[in-house]
Every structure is written in C-alpha cells, then in structure tokens.
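Quick note on this note's numbering: the sequence shown kicks off at 1459 and runs consecutively.
Glycine is no exception: its CB is placed at the ideal position from the N, C-alpha and C atoms.
Since we're looking at a predicted model, the values are computed, not measured.
Heads up, the thing below is written out as structure tokens.
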Amino acid sequence: MRKNYLISGIVFCLAALIIFASFTVIYTKTKISDLNEDIYKAVLTINNYTVYHFGNCEDEQTKADLTYTLERYFSNELTEGSGIYSSVIEHETGRIVATSADLTAEGNLTDPVLNAEAQKISDEYTKNYDPAVNEYGLSESEEGITRTTFMRIDNFRDGRYLLTHCAVYDPLKIVLKDNAATYITGLIIFIILEATILISFINLYKSRKEFELRNIKLTRGIAHELKTPLAVTKATVENWEYLSEEQKEEYAGNVKAEADHMTDMVDKLLEVSRISGSESDLKREPVDLLAVTKMLRDRYSELIRERDIDMKIMADEDSYTVFADPDMIEIVIGNYLSNAIKYCDKKITIRLTRSGKKISFIITNDGAKIDKKDLNKIWDVFYTTDDSRSGRINNSGVGLSVVKSILEAHKAEYGCVSNSGGTSFSFVMDRHEK
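Okay, structure coming up:
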C-alpha cells in the first residue's frame, strides 16, 4: 500500500511534467509562428519607397541608397541578433556594385556568424537566378524553429541589375529571450506544483507508514495486555476443582478484577478509535471547566483523604466556559486527576487561567520526574513509564492516548512538563463567547 503512494506520486509528477511541457511547446510554437510572420513582413518592406541609382558613375550613390535601406531595416527591433546580407549586382558581369558586408549602417546589431550564413545563401540564389525567367523577381522563405530564412531578389533596369536581400533568424532564441519572464514564471509555478504534489504523496506515504507502525504496536500491546489476565483466568479455571471454598471465593474475585481490567482497556481502545482525529462525534455545548474539576474532586475525595493528599484548585473567576463535548472533557480532566493522584507524593495543584480568548487548565503533582525520553511517548497507546511497569500503579497505558485523541478532536493544545519540582499536564482551549 505504501509503495502505491510513491508510485502514484511519481505518476502525478510525470503527468504534470507532460502537461507543462505540452503547454510550453504549444506556447513556443505560437510565438515562433507570430515572429516568422512579423519577420516576413519586415523583409518584404525592406526596399519599399527607396529609389536606387544604378550605373558605374553612380556606385557611391547606390551604396548610399543601400545604406539608407538597411538603416530603415535595422530600426525594426526584430533584426537584433539576426543575420542580413544585401547587395546590388550587375547581372551580366557579376560585378558587385554595393554590399552590406562593406557598409556600416546605423542600428546594426546583427550577428556576424548569421551574416556570413545569409551571404552564402544569397550567393547561391544569385548564381542560379535568371531575370528572364523571374520577370517580377524572386521571394522565397524557409521557416523553422531554430532557423528561418527569407530571400528576396528584385530586377532593375530590365534585369541588368539585381537587388538582393537575405535574412537569417534563430526564432527559438529570439522567442526565449523576448519571453524570458513568462518562461521563468511558468517554470517556478511548475516547480512549486511538482514539489507540492511530491511532498503531499511523501506525507501520505509517511502517514501510512506511521499508521501501520501504530497498528503493529497496538496489536502487540493488546496481546501483551491481555496475556496476563487471560493466563490468570486460565490457571484459575484449570485448578478450580482443587480449590477450597475459601480459595474459590478469593480466586473468583481475582478473575472478576482481571475481567474488569480487560473490559476497561477495551472500552478505552474503542474510545480512541471513535474520536481519534474527528469532530463528527462530538456533542458540543458550553462546559464550565471549573465546575467539572470540582465535581471530579468530590468523586475522588475518599481516595484523596486515604492518601492524605493536599489538593488545591486555584481560580480567579467563578467559571471558565469552553464550547466542547462535556463527556469528553470529563474524561480528559478525570484522567489528568487520576494520574496525579496515582503518582503524587502529597500535593496536587490545579490552576485555571484566562488569557484573552484562551482558557488554560494545568494540573501539577509533586511526584517523581518523568524521564525526558518518555515525555513525547506517554501519549502513545500502550506506552507506560518504568514506574508503572514496576507495579507502582495498575496502568494499561491507554488513558493518555484517549486524552490526546479527545483534545485533538477539539483542536486544543496540550502538553506535559516534568522536572524536579513536579509534573504538570495541561491543555488550552478557546473560551466560549456567550
């Protein structure tokens, strides 16, 4: 089962990766398509509204015309990082009247490597170009993701001169650069999403593992707790016919005591199962913690007198009301009080305080200190301290786990502090607003 959580987590992460990659590809392709269209329009208009002066005596003017054309072209931000090659050629002789390779046009931010590639492409087109066949010139394009090429050749003076323009782009590079913020934001969101999914499934895995470990511990605890009373009962039954009437009466009492102990333990386990981590079974109403404390003190009064315990309830107000399940709160305070009576030497102090919207209940006994290693474990089912195992009290190790379940169901804070001055158990709940 735990392995399935990890597999599911990996599957979800891969699914998120595929979805993210798909959206990224679609978005990038759309941007590249739009870019190629913009580049195509820019190249088509490179020589519009420009008058060229062709002829041997006008070479300098032709170069100026070409420079002006390129400056207009470079004014478009799309040209940054691209490659461009333009030329004016005398077709019959192949003489180059003017070329962008020899010109320094304002705003030129092209890439030298792509410029050389554009010149190579232009030379190949020009070599095979026939003005007689291409009466209206030539315009061709090859669009791609990492390379887009646009070639334009125009005829002038009845085909005696050719005006060429070749542009080479890396659309992917341009799109990534122009939309860097969008890609970074998307990547961050994706990483957060992946981390959230992964952490969620890891937590599910850990929770399942802890649940299985608790079940194992619970099973072992139940077996251990039931073993002794069952053994006593079995031994009594096996030897029943050999017992005297006086012994039978004594042993019957022992069997009843063991049966009561098992019944009490099973009832507490069922209580843990019923309320653990759930608010659905709580029957909430206003509950006065001070009144419940005094009621339980009276219930245990005989035991308190027998042990000669000095017990004090310290409260500055007449009532400390919370909105809770009264039966459950009685179990909590009753457990705290019974443990204090069992473990104290001579003194128990209960303090009720109000701080803002919170009410605190603290019960302190002057008994032996609980070892630091036991403080976080005392709330576990079937966990008992060494003192309880030594026979000082009859403790199943279930009571505080019931308290924990009740307080967690009420969304209350709880804890235990133990030092040489004594041991304190506490809980804090929201004050009930009338």
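Could you give the distance in angstroms between the alpha-carbon of glutamate 1866 and the alpha-carbon of aspartate 1888? For the purposes of this step, residue 1866 is identified with residue 408 of the sequence shown, where counting begins at 1. For the purposes of this step, residue 1888 is identified with residue 430 of the sequence shown, where counting begins at 1. In this structure, the straight-line span from the alpha carbon of glutamate 1866 to that of aspartate 1888 is close to 13 Å.
Out of Ala1826, Thr1779, Asp1824, Lys1830, point me to the one whose CA is closest to serine 1818's CA. As a working mapping, residue 1818 is identified with position 360 in the sequence shown. Comparing alpha carbon positions, the residue from Ala1826, Thr1779, Asp1824, Lys1830 closest to serine 1818 is Thr1779.
Test item: CB-CB of threonine 1881 and isoleucine 1836 under 8 Å: Start at 1 with the first residue of the sequence shown, and residue 1881 comes out as number 423. Start at 1 with the first residue of the sequence shown, and residue 1836 comes out as number 378. Against a cut-off of 8 Å, the Cβ pair of isoleucine 1836 and threonine 1881 comes out as no contact.
With the cut-off set at 8 Å, would you say aspartate 1824 and lysine 1805 are in Cβ contact? Residue numbering aside, residue 1824 sits at position 366 when the sequence shown is read from its first letter. Residue numbering aside, residue 1805 sits at position 347 when the sequence shown is read from its first letter. In this structure, lysine 1805 lies closer than 8 Å to aspartate 1824 by Cβ.
Straight-line CA distance for aspartate 1756 to tyrosine 1872? Translated into the one-based positions of the sequence shown, residue 1756 becomes position 298. Translated into the one-based positions of the sequence shown, residue 1872 becomes position 414. When the Cα atoms are used, aspartate 1756 and tyrosine 1872 turn out to be separated by approximately 25 Å.
Grab me the residues of serine 1597's own chain with a C-beta within less than 6 Å of its C-beta, minus the 5 sequence neighbours each way, in chain order. Translated into the one-based positions of the sequence shown, residue 1597 becomes position 139. Taken in chain order, the residues that qualify are Arg1610.
Could you check how far apart the C-beta atoms of lysine 1563 and glutamate 1529 are, in whole angstroms? I think they sit under 8 Å. For the purposes of this step, residue 1563 is identified with residue 105 of the sequence shown, where counting begins at 1. For the purposes of this step, residue 1529 is identified with residue 71 of the sequence shown, where counting begins at 1. The identity of residue 1563 in the sequence shown is alanine, whereas the question assumes lysine. Their Cβ separation, rounded to whole angstroms, is 5 Å, which keeps alanine 1563 and glutamate 1529 in contact under 8 Å.
Please state whether DSSP places asparagine 1514 in a helix, a strand or coil. Start at 1 with the first residue of the sequence shown, and residue 1514 comes out as number 56. Of the three classes helix, strand and coil, the one that applies to asparagine 1514 here is helix, per DSSP.
Evaluate contact between the region 1633 to 1640 and the region 1480 to 1490, counting only Cβ atoms and requiring at least three cross-stretch pairs below 8 Å. As far as the Cβ criterion goes, the region 1633 to 1640 touches the region 1480 to 1490, which means the pair count is three or higher.
Using beta-carbon positions only, say whether leucine 1561 and valine 1546 come within less than 8 Å of one another. On the sequence shown, position 103 is the one that residue 1561 refers to. On the sequence shown, position 88 is the one that residue 1546 refers to. Result no, Cβ atoms of leucine 1561 and valine 1546 do not sit closer than 8 Å.
Backbone CA spacing between glycine 1792 and glutamate 1716 [nearest angstrom]: Taking the sequence shown and counting its residues from 1, one reaches residue 1792 at position 334. Taking the sequence shown and counting its residues from 1, one reaches residue 1716 at position 258. Glycine 1792 and glutamate 1716 have their C-alpha atoms spaced approximately 22 Å apart.
Is the beta carbon of alanine 1749 closer than 8 Å to that of leucine 1810? Counting from 1 along the sequence shown, the entry for residue 1810 is found at position 352. Counting from 1 along the sequence shown, the entry for residue 1749 is found at position 291. No; because the gap between Cβ atoms is not below 8 Å, this pair is not in contact.
Using the C-alpha atoms, what's the distance from glutamate 1518 back to isoleucine 1504? To locate residue 1504, count along the sequence shown from 1; it is residue 46. To locate residue 1518, count along the sequence shown from 1; it is residue 60. So the alpha carbons of these two residues sit roughly 20 Å apart.
Write down the C-beta distance between phenylalanine 1608 and isoleucine 1476 rounded to the nearest angstrom, noting that I regard them as a contact closer than 8 Å. On the sequence shown, position 150 is the one that residue 1608 refers to. On the sequence shown, position 18 is the one that residue 1476 refers to. Contact doesn't hold; Cβ gap of about 35 Å is too wide.
CB contact flag (valine 1886, lysine 1815, <8 Å): In the sequence shown, residue 1886 corresponds to position 428, counting from 1. In the sequence shown, residue 1815 corresponds to position 357, counting from 1. Taking 8 Å as the cut-off, the Cβ atoms of valine 1886 and lysine 1815 do not count as close.
Return helix, strand or coil for arginine 1610, following the three-state DSSP convention. To locate residue 1610, count along the sequence shown from 1; it is residue 152. In this structure, arginine 1610 counts as strand in the three-state DSSP scheme.
Three-state class that DSSP yields for glycine 1792 in the structure shown: Taking the first residue of the sequence shown as 1, we reach residue 1792 at position 334. Here DSSP, grouped into helix, strand and coil, assigns glycine 1792 to helix.
Take the Cβ of isoleucine 1642 as the centre, count every other Cβ of all protein chains shown within 10 Å, and call the residue buried at 16 or more, exposed below. In the sequence shown, counting from the first residue as 1, residue 1642 sits at position 184. Per the 10 Å Cβ criterion, exposed.
Contacts around leucine 1572, its chain only, beta-carbon distance under 7 Å, and the 5 residues preceding and following it disregarded: As a position in the sequence shown, residue 1572 is number 114, starting the count at 1. Here the set comprises Ser1540, Gly1541, Val1626.
Would you mind reading off the limits of the alpha helix (DSSP H) that contains arginine 1584? Here the question's residue 1584 lines up with position 126 in the sequence shown. A small fix is needed here, since residue 1584 is threonine in this sequence, not arginine. Per DSSP, the unbroken alpha helix (DSSP H) holding threonine 1584 starts and ends at 1570 to 1585.
Which of helix, strand or coil DSSP assigns to aspartate 1768: One-based indexing of the sequence shown puts residue 1768 at position 310. It is a strand residue.
Between the C-alpha atoms of asparagine 1853 and tyrosine 1801, what's the straight-line distance to the nearest angstrom? Working through the sequence shown from its first residue, we reach residue 1853 at position 395. Working through the sequence shown from its first residue, we reach residue 1801 at position 343. Model confidence at asparagine 1853 stands at a pLDDT of 48, short of 50, so the residue's coordinates are unreliable; what they give is reported in the following sentence. Going by the C-alpha atoms only, they are around 11 Å apart.
Starting from the Cα of glutamate 1600, find the closest Cα among Glu1550, Lys1706, Gly1513, Cys1624 and give me that residue. Position 142 of the sequence shown, counted from the first residue, corresponds to residue 1600. For the residues Glu1550, Lys1706, Gly1513, Cys1624, the minimum Cα distance to glutamate 1600 belongs to Cys1624.
Rounded separation between tyrosine 1587 and isoleucine 1554 - CA only: For the purposes of this step, residue 1587 is taken as the residue at position 129 of the sequence shown. For the purposes of this step, residue 1554 is taken as the residue at position 96 of the sequence shown. Between tyrosine 1587 and isoleucine 1554, the C-alpha separation is close to 15 Å.
Ignore the nearest five residues each way along the sequence and tell me which others in glutamate 1652's own chain have a CB closer than 8 Å to its CB. Counting from 1 along the sequence shown, the entry for residue 1652 is found at position 194. The beta carbon of glutamate 1652 is closer than 8 Å to those of Cys1471, Ala1474, Leu1475 in its chain, skipping five residues each way along the sequence.
Answer with buried or exposed for glycine 1467, where buried requires no fewer than 16 other C-beta atoms within 10 angstroms of its C-beta. Counting from one through the sequence shown, the residue named residue 1467 turns up at place 9. Answer is buried; the Cβ neighbour count reaches 16.
DSSP on valine 1509, reduced to helix/strand/coil? Here residue 1509 is taken as the residue at index 51 of the sequence shown, counted from 1. Note: valine 1509 maps to coil in three-state DSSP.
DSSP beta-bridge partners for isoleucine 1806? On the sequence shown, residue 1806 is found 348 positions in, with the first residue counted as 1. Partner(s): Met1769, Asn1823.
In angstroms, rounded to a whole number, what distance separates the CA positions of glutamate 1704 and arginine 1742? Taking the first residue of the sequence shown as position 1, residue 1704 is located at position 246. Taking the first residue of the sequence shown as position 1, residue 1742 is located at position 284. The C-alpha of glutamate 1704 lies about 50 Å from the C-alpha of arginine 1742.
Drop a sphere of 10 angstroms on the beta-carbon of alanine 1782, count the other beta-carbons inside from all chains shown, and report buried for 16 or more, exposed for fewer. Sequence index remark: in the sequence shown, residue 1782 carries index 324 (1-based). Flag for alanine 1782 reads buried.
Between the C-alpha atoms of serine 1876 and leucine 1833, what's the straight-line distance to the nearest angstrom? Residue numbering aside, residue 1876 sits at position 418 when the sequence shown is read from its first letter. Residue numbering aside, residue 1833 sits at position 375 when the sequence shown is read from its first letter. Answer to the nearest angstrom: the Cα atoms are 8 Å apart.
Between isoleucine 1490 and glycine 1602, what straight-line distance do the alpha-carbon atoms span, to the nearest angstrom? Within the sequence shown, the letter at position 32 stands for residue 1490. Within the sequence shown, the letter at position 144 stands for residue 1602. Each residue's Cα considered, the two are about 8 Å apart.
CA-to-CA distance, isoleucine 1646 to glycine 1565, given in whole angstroms: By one-based count along the sequence shown, residue 1565 stands at place 107. By one-based count along the sequence shown, residue 1646 stands at place 188. Distance between the alpha carbons of glycine 1565 and isoleucine 1646 is about 36 Å.
Does tyrosine 1700 pass the burial test, meaning 16 or more other C-beta atoms within 10 Å, or should it be called exposed? On the sequence shown, residue 1700 is found 242 positions in, with the first residue counted as 1. Counting Cβ neighbours within 10 Å, tyrosine 1700 comes out exposed, since fewer than 16 surround it.
Member of Glu1495, Val1591, Glu1708 whose CA lies at the smallest distance from the CA of threonine 1606: Sequence index remark: in the sequence shown, residue 1606 carries index 148 (1-based). Taking threonine 1606 as reference, the option from Glu1495, Val1591, Glu1708 with the minimal CA-CA separation is Glu1495.
Count the other CB atoms within 10 Å of the CB of serine 1658; is the residue buried (16 or more) or exposed (fewer)? By one-based count along the sequence shown, residue 1658 stands at place 200. Residue environment for serine 1658: exposed (fewer than 16 other C-beta atoms within 10 angstroms of its C-beta).
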